[in-house]
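Undergrad:
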Amino acid sequence: HDTGDVLAAENAQHARWLKLTEQNRLYDMMEAQIDRQIAMLWDLLAELQKTEDQNRARRLLGQVIIIGTYIKRRSNLIFVGAQRGAISVQELRLCLNESSENICVYGADCKAIVNGDDQLTLEQATQIYDLFEAVVETELESLRAMLISIDVGAQVEVSFCVSAAEPLCGLRAHFQGLEWEQDEDGLQYVTRKLERSRR
44 HDTGDVLAAE NAQHARWLKL TEQNRLYDMM EAQIDRQIAM LWDLLAELQK
94 TEDQNRARRL LGQVIIIGTY IKRRSNLIFV GAQRGAISVQ ELRLCLNESS
144 ENICVYGADC KAIVNGDDQL TLEQATQIYD LFEAVVETEL ESLRAMLISI
194 DVGAQVEVSF CVSAAEPLCG LRAHFQGLEW EQDEDGLQYV TRKLERSRR
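Here our numbering is used: the first residue of the sequence shown is 44, the next is one more, and so on.
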């Protein structure tokens, strides 16, 4: 009987150790993938503490909320992906909707349209959300309006229409297969297609 109790206690302790090891692995992965945004957040908060201009303070606070939302939602994608092995399109939709709402509060028009109800790999979902964040961060000071359209079918097609001052063509160096163009009115169009064959 005593031996059984000892074995049960050892098994419980081993299970706790495995759980903590996995949690640490996920936290390390999360920190590695959002460390740049965490640094941005600290820089924005430091500037916010120093500024005495109310309009600039409001602008900085809006940026803090936008970056903070990305950090929260991006981390959540990692945890959900680890638990379920995939990310539902609905989960990605929730990420983009919350970010879009905060961008609207910040003062720019933003709308996300996500079509489809299937599953994505964690890599596919994070690539889409990372591209969204890269566009937002590039245009943070000058963003006037943005429309994001995502169609999940045989391929995942991601399209942005952006009204802002900064050129987005530089994102092609960071996102494979990214296409960029600008029309005569200054609107920028960013598109990317992701294969769905690996699940």
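We treat Cβ as the ideally placed atom computed from N, Cα and C, and that holds for glycine.
A quick note: this is a predicted structure, and the numbers were derived from the prediction, not measured.
What does a CB cutoff of less than 8 Å around R242 pick up in its chain, not counting 5 residues either side in sequence?
TA: By 1-based counting over the sequence shown, the position of residue 242 is 199. Reliability of the predicted coordinates at R242 is poor, the pLDDT of 44 falling under 50, and the value obtained from them is presented with this limitation in mind. Around R242: A129, Q162 and T164.
Undergrad: How far does the alpha helix (DSSP H) with C147 in it extend, from its first residue to its last?
TA: Locating residue 147 in the sequence shown gives position 104, where the first residue counts as 1. According to the DSSP assignment, C147 belongs to the alpha helix (DSSP H) that extends over V132 to Y149.
Undergrad: In whole angstroms, give me the CA-to-CA distance for E134 and D48.
TA: By 1-based counting over the sequence shown, the position of residue 134 is 91. By 1-based counting over the sequence shown, the position of residue 48 is 5. Distance between the alpha carbons of E134 and D48 is about 43 Å.
Undergrad: In three-state DSSP terms, what is F175?
TA: As a first step, residue 175 must be located in the sequence shown, where it is residue number 132. It is helical.
Undergrad: Evaluate the contact criterion for the segment 135-144 versus the segment 202-218: three or more CB pairs, one atom per stretch, below 8 Å.
TA: The segment 135-144 is not in contact with the segment 202-218.
Undergrad: At which residues does the alpha helix (DSSP H) containing T234 begin and terminate?
TA: For the purposes of this step, residue 234 is taken as the residue at position 191 of the sequence shown. Per DSSP, T234 belongs to no alpha helix (DSSP H); it is in the beta strand (DSSP E), Q231 to E238.
Undergrad: Buried or exposed: which applies to I81, given that a residue is buried once 16 or more other Cβ atoms fall within 10 Å of its Cβ?
TA: By 1-based counting over the sequence shown, the position of residue 81 is 38. So I81 ends up on the exposed side.
Undergrad: So the candidates are G229, L230 and T234; which of them puts its Cα closest to the Cα of W223?
TA: Indexing the sequence shown from 1 puts residue 223 at position 180. Nearest option by C-alpha distance: T234.
Undergrad: Determine contact between the segment 114-129 and the segment 145-159, defined as no fewer than three beta-carbon pairs at a distance below 8 Å.
TA: no
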